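Asker: What follows is a single structure, and I will ask about it in a moment.
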Amino acid sequence: MKVEVRYYSRGGNTEKLARAIADAAGVPALTVSEPLTEDTDILFLGSAVYAAGVDDEVKKFIQGIDVKVGRVVNFSTAAFIKSTYKTVERLLREKDIPMDPEEFACRGAFAFLHKGRPDEADQKAAAAFAKRILEKTP
Ligand SMILES: Cc1cc2nc3c(=O)[nH]c(=O)nc-3n(C[C@H](O)[C@H](O)[C@H](O)COP(=O)(O)O)c2cc1C
982 MKVEVRYYSR GGNTEKLARA IADAAGVPAL TVSEPLTEDT DILFLGSAVY AAGVDDEVKK
1042 FIQGIDVKVG RVVNFSTAAF IKSTYKTVER LLREKDIPMD PEEFACRGAF AFLHKGRPDE
1102 ADQKAAAAFA KRILEKTP
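Just so it is clear: in the sequence shown, position 80 is 1061 by our numbering, and no numbers are missing.
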């Protein structure tokens, strides 16, 4: 099974989750500046909420996918809203790429809010989530 991890993180919060997920999956955590080069069964895709959307780099990455992707598993951090799921789902739908209904989302530090998040517990939970996703995949 081919597993890949890509993420975009301006401040390092989403990167913490990407590293925890990639470690659990035994693959490198790469940024969205690195396109997929082979067909991929599971793509863990990480993003953060900025001004109620995702960064253009995430959009460009998704729009540029030119290999077959079995499904995308979303993970994200945000200060207020739940996650980037709906935005990413919309972008993936344009490419006919399926998205797992499960996602991992947690708070990310922003200004004086959520200091230290994602914290150790968030990172452990992200790793456990990734393992569960991989186990449910035949
Ligand atoms: C410019 C900017 C805009 C943001 N806008 C939102 C927002 O609209 N809604 C929200 O829930 N969080 C918002 N946040 C908080 C980020 O989603 C949160 O800090 C996230 O963890 C940042 O992830 P990163 O460190 O991986 O870039 C914003 C943060 C920044 C820096």
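A virtual CB, placed ideally from N, CA and C, is assigned to each residue, including glycine.
In this text, all values refer to a predicted model and were calculated from it rather than measured experimentally.
Quick one: is residue 1005 buried, meaning 16 or more other Cβ sit within 10 Å of its Cβ, or exposed?
Answerer: In the sequence shown, residue 1005 corresponds to position 24, counting from 1. The residue is buried, with at least 16 neighbouring Cβ atoms inside 10 Å.
Asker: Just the residues with CB closer than 7 Å to a heavy atom of ligand 1, in chain order, which are they?
Answerer: 990, 991, 992, 993, 994, 995, 996, 1029, 1030, 1031, 1032, 1033, 1058, 1059, 1060, 1061, 1062, 1089, 1090 and 1091
Asker: Can you tell me whether residue 1015 is helix, strand or coil according to DSSP?
Answerer: What you label residue 1015 is simply residue 34 of the sequence shown in a count that begins at 1. Residue state, collapsed to three classes: coil.
Asker: Do the CB positions of residue 1088 and residue 1058 come within less than 8 Å of each other?
Answerer: Taking the first residue of the sequence shown as 1, we reach residue 1088 at position 107. Taking the first residue of the sequence shown as 1, we reach residue 1058 at position 77. Yes, the pair counts as a contact, with Cβ atoms nearer than the cut-off.
Asker: So, with DSSP's three-state summary, where would you put residue 1122?
Answerer: No information on residue 1122 is available, as it lies outside the stretch 982 to 1119 that the chain covers here.
Asker: Any contact between the stretch 1065-1076 and the stretch 1047-1056? By contact I mean 3 or more CB pairs, one from each, below 8 Å.
Answerer: Taking 8 Å as the limit for Cβ pairs, the verdict is that the stretch 1047-1056 does touch the stretch 1065-1076.
Asker: Under three-state DSSP, which class holds residue 1002?
Answerer: The count along the sequence shown starts at 1 and reaches residue 1002 at position 21. Residue 1002 falls in the helix class under three-state DSSP.
Asker: Whole angstroms are fine: how far does the CA of residue 1044 sit from the CA of residue 1096?
Answerer: To locate residue 1096, count along the sequence shown from 1; it is residue 115. To locate residue 1044, count along the sequence shown from 1; it is residue 63. Their backbone Cα atoms lie some 33 Å apart in a straight line.
Asker: Going by the beta-carbon positions, is the gap between residue 1017 and residue 996 smaller than 8 Å?
Answerer: In the sequence shown, counting from the first residue as 1, residue 1017 sits at position 36. In the sequence shown, counting from the first residue as 1, residue 996 sits at position 15. Result no, Cβ atoms of residue 1017 and residue 996 do not sit closer than 8 Å.
Asker: Anyone know if the C-beta pair for residue 989 and residue 1034 falls short of 8 Å?
Answerer: Here the question's residue 989 lines up with position 8 in the sequence shown. Here the question's residue 1034 lines up with position 53 in the sequence shown. Against a cut-off of 8 Å, the Cβ pair of residue 1034 and residue 989 comes out as no contact.
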